[in-house]
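For reference, the structure is listed below as structure tokens.
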Amino acid sequence: MIELKREELLISQLADLLVNDKHIAVGAASPIPGAAALLAKEEAKLQNNRIRVTILHSNKYNNFTDGARELFDCAAQGRIDTFFLGGVQIDGEANINLVGTGNYTKIQKRFPGSFGSALMYFVVPQIILFREEHSPRTLVDKVDFISAPGFSDVNIYRPGGPKFLLTNRALFKFNKQKKRFCLLKIHNNESIENIIKLTGFKFDVDDKITNMSIPDQTRVDILRNKISYMVSEFYPEFADRIWGI
Amino acid sequence: MKQFDELSLLEIVDEVKDGDLIGIPADYSGVPMMFTKELIKKGVKDLKLYCLPLTTIQGDMLIGSGCVSEIEAAAVTLGEFGLAPRFSEAVEAGHILIKDSTCPALHAQLQATEKSVPFMPLRGVIGSDIQKYRKDWQVIENPMKCSGHKNEPILLLPAVQLDVLIFHAPCVDKNGNIQIGRRRELATLTHASKKVFVTTEQILDIDFFDNELSAATCLPALYVDGISVVENGAWPCALPGIYGQDNDEIKKYSIAAKTQKGFEEYMQNYLFN
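Chains A and B, in that order, give the protein sequences. All the letters of the first sequence, read from the start, carry residue numbers -16 to 228 under the numbering used here. All the letters of the second sequence, read from the start, carry residue numbers 143 to 415 under the numbering used here.
So this is what it looks like as structure tokens:
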């Protein structure tokens, strides 16, 4: 049995969700999604498929030449299949908050801000919400501030939206019709009861709920021998912490 | 006659007035840190920061030093090194006004000024609390019959003109054309600013327009009011293609700036040693 870091399991799980993409973009503060996108790209190459990856904070793994606005223009044109968003808080209707906690006009704890979420969430078909901490303070019944809403009225232009939510304990799928998450997979040492206890919103449980898949040796080799060095170009601190490079 | 004005760093600093709306480039676009250091030393007040679309240590230092009354941004963060502590505390205490935005809106407001039109439409954003708190933004129904969707609500953003912009660039040619590479957002910022000053690592004795490659990646001198050579002028931030971010220094700052006292000690050393 290969000894795996938690981050490696998350990278592997995310990579599984990217296999059908043509173009994956990765935004700020996202070393795990960045690694997952590059892993999906490398594996696609081996299958003689092509995935393009744009890592915003990289000079090398970045397809854009028209400045920082190109990400948003490209996404609005429908040329990005998957993007990742996080949240200080995420609620049961997939609203996300990247701004802070408490009443906005008298904020208690201020976080960086909404970044490009208020457009990307609307126009990218597969948004994967990724937040490592799985607790009642991050997964809440209702967010204190909506950086970007989980769903919109029918007259609003919205080809995109939430598809999955991955935490360090579980993977949920978002059901757009029911406006509700459904628990798909849990980590090996987790129980459904514990997930219910640690989740601040109500959710459904899939009939075929399984454990998260463990990456095979081939995938682990690609990740450690190749992707790790690529990641160190744009997230040196992360690459050092996980792989010691 | 020389085709551009070469200024000292302090002459550029003097061009920034109390209360100015100042353009702030993102951490990947050439942050003018040496300039920022001198601006803080001068004790400028009531700056309004317009970030395209975010700021890191530059904005946090200006806020912690009491130079800022207002900031419009999509994010203020130290990236891998966590929250921007002086920013977070200033917002929590109500010491500065934050106009929360989202990246494409910050681009679009400047693009309106580039085209000299009063507003720019943007999709998305509707239904967010960002929109709810932005009284300067408006939603209308798409008035076009031949494009977009019928009856589609669409967000309108006002054109924003900056008073002044300063950024740091790798090099300038003998005619004052600025090499910005693929960082085209610097062109957007420049086009939307009344005054533009550039600090640069070096002035080269060549003409970027002699070569198609260098011509395509430069910002023409006609938009620029003054240039100053400042070596290592982005440190500890990165200068794309020239040097990387000094991670040790940003980390050191992120730890020191957790408290106002720690920040002041750090700044004493940073500004005067």
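Note that the Cβ used here is the ideal one computed from N, Cα and C, for glycine as well.
Neighbourhood of residue i by C-beta, 6 Å cutoff - its chain only, sequence neighbours within 5 removed
i: L204/B; result: V210
i: E115/A; result: N151
i: M131/A; result: Just to set this straight, residue 131/A is Ala in the shown sequence, not Met. These residues qualify, in order along the chain: I79, S100, A101 and Y104.
i: I34/A; result: D4, A23, K24 and A27
i: R141/A; result: F105 and S135
i: Y87/A; result: F128
Separation of residue j from residue i, as counted between CA atoms
i: Y218/A; j: G224/B; result: 13 Å
i: N171/A; j: D124/A; result: 26 Å
i: H237/B; j: K400/B; result: 17 Å
i: L361/B; j: H333/B; result: 10 Å
i: E53/A; j: F47/A; result: 6 Å
i: F133/A; j: K187/B; result: A small fix is needed here, since residue 133/A is Gly in this sequence, not Phe. Roughly 40 Å between the two C-alpha positions.
i: I15/A; j: D347/B; result: 44 Å
i: D388/B; j: L39/A; result: 19 Å
i: K232/A; j: I192/A; result: There is no way to answer for residue 232/A, as the model of chain A reaches only from -16 to 228.
i: C57/A; j: V9/A; result: 13 Å
i: V302/B; j: A311/B; result: 24 Å
i: P145/A; j: Q160/A; result: 12 Å
i: G206/B; j: I166/B; result: 16 Å
i: V155/B; j: K183/B; result: 10 Å
i: R163/A; j: V137/A; result: 17 Å
i: Q392/B; j: I282/B; result: Per the sequence presented here, residue 392/B reads as Ile, with Gln not at that position. So the two alpha carbons sit approximately 43 Å from each other.
i: A(-2)/A; j: S196/A; result: 11 Å
i: D190/A; j: H117/A; result: 22 Å
i: A398/B; j: E406/B; result: 9 Å
i: G85/A; j: K274/B; result: 16 Å
i: P108/A; j: A380/B; result: 33 Å
CB-CB length for residue i against residue j, believed under 8 Å
i: I384/B; j: T341/B; result: That belief does not hold up - the Cβ atoms of I384/B and T341/B are roughly 13 Å apart, past 8 Å.
i: I63/A; j: V36/A; result: At roughly 11 Å, the Cβ-Cβ gap does not stay under 8 Å, so I63/A and V36/A are not in contact.
i: K336/B; j: D305/B; result: 6 Å
i: E180/B; j: S370/B; result: Wrong, their Cβ atoms sit about 10 Å apart, outside the cutoff.
i: L328/B; j: G172/B; result: 7 Å
i: L148/A; j: L112/A; result: 4 Å
i: F128/A; j: G83/A; result: 6 Å
i: L1/A; j: A19/A; result: 7 Å
i: D271/B; j: G96/A; result: 12 Å between Cβ atoms; not a contact.
Beta-carbon contacts of residue i that lie in its chain and below 8 Å, excluding the five residues immediately before and after
i: P300/B; result: Q251, A254, P260, F261, D278 and W279
i: E157/B; result: V306, K337, F339, D367 and G368
i: L248/B; result: Y192, C193, L194, P195, E214, A215 and A216
i: L206/A; result: E(-9), I(-6), S(-5), A18, L22 and P198
i: N158/A; result: F164, C165 and D187
Chain-order list of residues whose beta-carbon lies under 7 Å from that of residue i (same chain, five-residue window excluded)
i: V233/B; result: I240
i: L163/B; result: K190, Y192, L304 and D305
i: A222/A; result: S211, V214, S215 and I228
i: F98/A; result: G10, A11 and L81
i: V218/B; result: L196, T197, G201, D202, A226 and F229
Cβ-heavy atom distance, residue i to the ligand NAD, below 8 Å
i: V107/A; result: The ligand NAD is not part of the structure shown, which contains no ligands of any sort.
### Task
Could you list the residues in the stretch 326 to 337 of chain B with a C-beta less than 9 Å from some C-beta on chain A, going in chain order?
Across the stretch 326 to 337 of chain B, CB contacts with chain A closer than 9 Å involve R326, E327, L328, A329 and T330, in sequence order along the chain.
### At least 3 beta-carbon pairs within less than 8 Å: the stretch 281 to 288 of chain B vs the stretch 316 to 324 of chain B
no
### Query
Taking three-plus beta-carbon pairs below 8 Å as touching, is the stretch 180 to 187 of chain A in contact with the stretch 60 to 75 of chain A?
Taking one beta carbon from each stretch, the stretch 180 to 187 of chain A and the stretch 60 to 75 of chain A have 3 or more pairs nearer than 8 Å; the two touch.
### Task
Compile a chain-ordered list of the residues in the stretch 59 to 83 of chain A whose CB is closer than 7 Å to at least one CB of chain B.
Residues passing the 7 Å Cβ filter: A59 and V82.
### Task
Specify whether the stretch 369 to 376 of chain B and the stretch 169 to 181 of chain B touch according to this definition: at least 3 beta carbon pairs, one from each stretch, less than 8 Å apart.
yes
### Message
Under 9 Å, CB to CB, which of the residues in the stretch 34 to 53 of chain A have a partner in chain B?
### Response
If the cut-off is 9 Å between Cβ atoms, the stretch 34 to 53 of chain A has L39, H40, N42, N45, F47, T48, D49, G50, A51, R52 and E53 near chain B.
### Message
What are the residues in the stretch 183 to 204 of chain B lying within 8 Å of chain A by C-beta distance?
### Response
Listed by position along the chain: L194, P195 and L196.
### Query
Using 8 Å as the Cβ pair cut-off and three pairs as the minimum, do the stretch 345 to 360 of chain B and the stretch 191 to 198 of chain B touch?
no
### Contact list for the stretch 129 to 144 of chain A against chain B, Cβ threshold 7 Å
I129, S130, A131, P132, S135, N138, I139 and Y140
### Query
Closer than 8 Å, Cβ to any Cβ of chain A: which residues of the stretch 157 to 170 of chain B, in chain order?
A168 and Y170
### Query
Mind listing which residues of the stretch 237 to 257 of chain B have their C-beta closer than 7 Å to chain A's C-betas, in chain order?
Only D242, T244, C245, P246 and H249 from the stretch 237 to 257 of chain B bring a Cβ to less than 7 Å from some Cβ of chain A.
### Task
Identify each residue in the stretch 209 to 220 of chain B for which the Cβ-Cβ distance to at least one residue of chain A is less than 8 Å, and report them in chain order.
A215, A216, A217, V218 and T219
### Message
Against chain A, which members of the stretch 265 to 294 of chain B pass a CB distance test of less than 7 Å?
### Response
Listed by position along the chain: R265, G266, V267, I268, G269, S270, D271, I272, Y275, H291, N293 and E294.
### Query
Listed in chain order, which residues of the stretch 88 to 104 of chain A have Cβ atoms closer than 9 Å to some Cβ of chain B?
Near chain B, meaning a CB-to-CB distance below 9 Å, the residues of the stretch 88 to 104 of chain A are T88, K89, I90, Q91, K92, R93, F94, P95, G96, S97, F98, G99, S100, A101, L102, M103 and Y104.
### Task
Identify each residue in the stretch 203 to 228 of chain A for which the Cβ-Cβ distance to at least one residue of chain B is less than 8 Å, and report them in chain order.
Y218, P219, E220 and F221
### Message
Which residues of the stretch 335 to 360 of chain B have a Cβ closer than 8 Å to any Cβ of chain A? Give them in chain order.
### Response
none
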